[in-house]
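Please read the structure below before turning to the comments.
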Amino acid sequence: MNRGALALLTTLMVAFPLMLGGNRPWALGLVSLLLWAALLVVAMVGVVFAPRVLPGPVWAQVRGAPGAVWPLALLLLLALIPAAQLAGVLTTVDPFLTSNYLVRTLLCVAAFALTLVAVPREELARKILLAAVVAGLVQAFLAIALKSLNLRWTLFYSAVEVGPRAAGTFANPDHLAGFMELSLAAGLGLLVANLGDEGRKVSRWQDRLLAVLRFMLSPKMMLRLLMVVMVVALVMTHSRMGNAAFFITLLLVGLFTAWRSLKLRRPALWVVASMVVVDIVVLGQLVGLDRVVDRLQDTDYSIQADPDAPPGSAAAASAVAGPRPQNYREESLQARLRTPRVSLELVEQQPWWGWGGGVFDRVFPRVRTPEIYWGKFDYAHNDYVQQAVEVGLVGMLLWVGVGLLAGWRAVRLLRDDQPRLSRGVAVCTLVALGCLGLHSLVDFNLQMPANAMLFTVLLALPYTVPVRPSARQRGRSDAATLPEQPDDAPGDDEAHDGAAEAAPAAKEVPHAH
Numbered sequence: 001m002n003r004g005a006l007a008l009l010t011t012l013m014v015a016f017p018l019m020l021g022g023n024r025p026w027a028l029g030l031v032s033l034l035l036w037a038a039l040l041v042v043a044m045v046g047v048v049f050a051p052r053v054l055p056g057p058v059w060a061q062v063r064g065a066p067g068a069v070w071p072l073a074l075l076l077l078l079a080l081i082p083a084a085q086l087a088g089v090l091t092t093v094d095p096f097l098t099s100n101y102l103v104r105t106l107l108c109v110a111a112f113a114l115t116l117v118a119v120p121r122e123e124l125a126r127k128i129l130l131a132a133v134v135a136g137l138v139q140a141f142l143a144i145a146l147k148s149l150n151l152r153w154t155l156f157y158s159a160v161e162v163g164p165r166a167a168g169t170f171a172n173p174d175h176l177a178g179f180m181e182l183s184l185a186a187g188l189g190l191l192v193a194n195l196g197d198e199g200r201k202v203s204r205w206q207d208r209l210l211a212v213l214r215f216m217l218s219p220k221m222m223l224r225l226l227m228v229v230m231v232v233a234l235v236m237t238h239s240r241m242g243n244a245a246f247f248i249t250l251l252l253v254g255l256f257t258a259w260r261s262l263k264l265r266r267p268a269l270w271v272v273a274s275m276v277v278v279d280i281v282v283l284g285q286l287v288g289l290d291r292v293v294d295r296l297q298d299t300d301y302s303i304q305a306d307p308d309a310p311p312g313s314a315a316a317a318s319a320v321a322g323p324r325p326q327n328y329r330e331e332s333l334q335a336r337l338r339t340p341r342v343s344l345e346l347v348e349q350q351p352w353w354g355w356g357g358g359v360f361d362r363v364f365p366r367v368r369t370p371e372i373y374w375g376k377f378d379y380a381h382n383d384y385v386q387q388a389v390e391v392g393l394v395g396m397l398l399w400v401g402v403g404l405l406a407g408w409r410a411v412r413l414l415r416d417d418q419p420r421l422s423r424g425v426a427v428c429t430l431v432a433l434g435c436l437g438l439h440s441l442v443d444f445n446l447q448m449p450a451n452a453m454l455f456t457v458l459l460a461l462p463y464t465v466p467v468r469p470s471a472r473q474r475g476r477s478d479a480a481t482l483p484e485q486p487d488d489a490p491g492d493d494e495a496h497d498g499a500a501e502a503a504p505a506a507k508e509v510p511h512a513h
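The numbering of the sequence shown is this note's numbering, which starts it at 1 and goes up by one.
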């Protein structure tokens with residue numbers, strides 16, 4: 001039962017991005033149907049056969065079941081909002097688009113729940129991380145090859161024309177950048193899980209050289225080289241916020257991990273230093289990092305930018321293939337923030353429950369200003385604002401709450417008394433949260449079903465590994481389980497003295513956990 005669920009989930013993690021990022025109704029419907037069918041089969045098998053083969057209830061066999069109830073409940077509550085909008089209880093200006101939003105939300109609910117079901121043993125979490133890395137590698141190799149060959153090709157009857165930026169099977173290079181961020185987060189988690197607190201410290205240079213040679217011949221070196229390929233693909237997207245979000249998060253999470261975990265201090269700093277030096281300084285110069293730097297330098301970061309500037313918007317041009325016009329100017333920070341800032345008027349008009357899931361492009365013309373004179377806006381280019389417009393502040397807070405709960409669980413898993421794999425999962429979740437949390441400020445990665453599904457799976461991973469109690473908590477538990485001494489009674493003095501002498505000795509006996 002669990003093997004089938006794990007095989008289906010990992011297969012879809014790799015295949016779903018190949019379906020144009022899942023940004024087609026048929027792809028979204030197919031994957032959602034498969035995930036929910038798998039959950040239904042697991043539930044039916046559990047109800048029929050669990051009493052015979054399992055020692056307890058089915059839910060008790062799911063990893064992290066007590067803690068996972070809360071984020072899963074928040075996702076279900078989020079799905080209830082578009083359902084209520086379709087039922088007429090709440091407002092929606094386009095039922096068809098809201099039904100599509102509901103299917104996307106149910107996809108995330110199913111992905112979260114199936115991750116819990118598919119990982120009955122914590123060691124299987126490693127396979128989820130590996131599947132995320134494989135999915136990233138497939139996209140990275142495709143993006144690099146297509147960009148290098150400069151081919152015009154057709155996928156699922158959709159013409160894809162390769163432009164100056166790598167996009168893989170996604171329509172927008174920024175979406176590939178978001179997917180690479182998530183895959184790199186999984187790779188970092190897997191690398192940290194393999195590097196954590198193993199081996200002993202060596203002082204002689206011969207031993208250090210031997211340790212380096214062992215590492216270079218180990219699977220960890222292969223993983224590190226594959227991560228270089230994904231970083232190359234990320235750089236070739238020329239995504240300003242994608243690259244900035246990843247390396248800012250890498251530095252912040254690396255420093256936080258070094259502070260939080262003494263055992264991971266040296267591995268974390270080594271990983272961060274190697275990625276900064278090798279991937280950015282050396283390889284980045286060979287694959288177009290200078291173009292990313294040029295885009296950043298050409299960007300006007302002043303909030304009071306010239307509103308009469310020609311419409312050289314990266315938001316409009318990023319998905320358009322072909323050379324840029326000579327008068328092209330990188331989109332300023334003012335221009336990128338203009339759409340979400342104007343969209344806040346829609347939030348003020350419908351603050352609590354929004355205008356309807358997925359209806360942003362239908363309601364945005366109501367507040368569109370003359371300064372925004374180019375292109376059609378299907379998205380707000382800010383996931384937080386778009387959630388608030390479509391499902392209200394309540395829906396946005398539910399959506400953010402899932403990430404906060406997963407992040408808190410990951411922080412707890414970073415303690416030194418947790419297993420190495422648990423700490424690797426924690427690093428993966430924190431990097432994924434940091435990358436898309438920053439990238440979502442100026443883009444709409446989470447509106448792409450493939451990115452949203454992978455992100456949800458990585459948020460569910462911390463609940464597939466147990467949080468072991470700390471030494472202090474174990475001490476309190478041991479003290480609470482010691483038998484109480486009876487009151488002194490006539491004739492029992494010798495027995496009482498013997499028990500008093502045995503009590504300190506009991507505290508010295510090591511407990512196995």
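Idealized CB from N, CA, C, for every residue including glycine.
DSSP state of residue i mapped onto helix, strand, coil
i	result
Trp36	helix
Arg152	strand
Ser158	strand
Leu414	coil
Met13	helix
Ser440	coil
Gly178	helix
Ser218	coil
Asp378	coil
Thr92	coil
Gln387	helix
Val70	The residue you asked about is not Val; residue 70 is Trp in the sequence shown. Helix at Trp70.
Ala145	helix
Val231	helix
Pro490	Low confidence applies here, because Pro490 scores a pLDDT of 46, under 50, leaving its location unreliable; read the following figure in that light. Coil.
Gly357	coil
Val465	coil
Val367	coil
Gly168	coil
Gly163	coil
Arg409	helix
Asn2	helix
Met19	coil
Trp352	coil
Thr339	helix
Arg423	helix
Arg24	coil
Limits of the unbroken alpha helix (DSSP H) element including residue i
i	result
Leu458	Pro449 to Ala460
Pro95	Pro95 to Ala118
Arg260	Arg240 to Arg260
Ser274	Arg265 to Ser274
Val363	Phe360 to Val363
Cβ shell of residue i (< 8 Å), same chain only, five flanking positions each side left out
i	result
Leu28	Gly22, Asn100, Val103, Arg104, Leu107 and Pro449
Val385	Pro340, Ser343, Leu344 and Val347
Leu519	No answer is possible for residue 519: it lies beyond the span of the chain, which begins at 1 and ends at 513.
Leu86	Thr92, Pro95, Thr98, Ser99 and Leu102
Residue j beta carbon less than 8 Å from that of residue i
i	j	result
Gly356	Ala388	no
Met221	Met180	no
Asn445	His175	yes
Ala5	Val117	yes
Phe454	Leu182	Note on identity: in this sequence residue 454 is Leu, with Phe being the wrong assignment. The answer is yes: Cβ separation under 8 Å.
Leu433	Ala125	no
Val138	Ala186	no
Ala79	Ile144	no
Thr514	Ala268	In the structure as shown, the chain begins at 1 and stops at 513. Residue 514 is therefore absent and cannot be evaluated.
Leu436	Ala410	no
Gly168	Leu142	yes
His238	Arg165	yes
Leu191	Arg224	yes
Leu77	Val359	no
Val391	Ile81	yes
Leu34	Leu12	yes
Ser261	Arg423	yes
Leu405	Trp26	no
Val427	Val228	no
Sequence-distant residues of its chain with Cβ nearer than 6 Å to residue i (five each side left out)
i	result
Ala84	Leu90
Thr456	Cys108, Ala111 and Phe112
Leu9	Leu114 and Ala118
Leu438	Ala245
Same chain only: Cβ atoms within 7 Å of residue i, ignoring 5 sequence neighbours per side
i	result
Ala319	For Ala319, the predicted model reports a pLDDT of 39, less than 50, meaning its position is unreliable and no value from the coordinates is stated.
Thr369	Val342
Cutoff 8 Å: residue i Cβ touching any chain B Cβ
i	result
Ala111	Chain labels in this structure do not include chain B; a single protein chain is all it has.
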